[in-house]
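Residue numbers (full-length UniProt numbering): 1 to 141.
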């Protein structure tokens, strides 16, 4: 896609590349939460995680594992935060996973949004049942 910023990076636009493989590319986020914040993208233009072709699932997850491990070994982080947005809050419509180095006391609190409790166990079970049904339904694409 010509208007996709990540496709432009895949095609050679300037970026601070961290991982360069035939199907995947990882580079530093230009607006990092913390220094070392890395984005992993498939080279092929794929908009969301559900769109990721089956043959890229294992390589994508394996690269995420290596990046999370590198946050600790190379940067001295105590852990990492790994996140993927699908459409909502997805600033670039090209699948990308954030791998962010973390240390205790770094100021990032849990997830980046408020939590909402279930009213009771019955409501929680109703949501669980809806999701179980959704997993059994055929994909809607």
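Backbone N, C-alpha and C define an ideal beta-carbon position, used for all residues, glycine too.
So the candidates are the options; which of them puts its Cα closest to the Cα of residue i?
{"i": "residue 38", "options": "81, 128, 109 and 119", "result": "81"}
{"i": "residue 87", "options": "71, 50, 15 and 126", "result": "50"}
{"i": "residue 21", "options": "133, 44, 127 and 103", "result": "44"}
{"i": "residue 25", "options": "33, 14 and 129", "result": "14"}
How would you label residue i, buried or exposed, when you count the other beta carbons within 10 angstroms and need 16 or more for buried?
{"i": "residue 101", "result": "buried"}
{"i": "residue 41", "result": "buried"}
{"i": "residue 116", "result": "exposed"}
{"i": "residue 11", "result": "exposed"}
{"i": "residue 36", "result": "buried"}
{"i": "residue 16", "result": "exposed"}
{"i": "residue 70", "result": "buried"}
{"i": "residue 131", "result": "exposed"}
{"i": "residue 108", "result": "exposed"}
{"i": "residue 95", "result": "buried"}
Since residue i is in the beta strand (DSSP E), which residue starts that stretch and which ends it?
{"i": "residue 19", "result": "17-20"}
Looking only at its chain, what residues have a beta carbon closer than 7 Å to the beta carbon of residue i, apart from the 5 residues adjacent to it on each side?
{"i": "residue 74", "result": "none"}
{"i": "residue 56", "result": "23 and 42"}
Kindly list the residues whose CB is nearer than 8 Å to the CB of residue i, restricted to its own chain and excluding five residues on each side of it in sequence; keep chain order.
{"i": "residue 83", "result": "97, 98 and 100"}
Alpha helix (DSSP H) containing residue i: first to last residue?
{"i": "residue 137", "result": "Premise fails: residue 137 is in no alpha helix (DSSP H) and is neither H nor E."}
Can you list, in chain order, the residues of its chain with a C-beta nearer than 6 Å to that of residue i? Leave out the 5 residues immediately preceding and following it.
{"i": "residue 79", "result": "102"}
{"i": "residue 93", "result": "47"}
Enumerate, from N- to C-terminal direction, the unbroken beta strand (DSSP E) stretches of 3 or more residues contained entirely within the UniProt domain "HIT" (5-109). 17-20, 24-28, 38-42, 79-84 and 97-102
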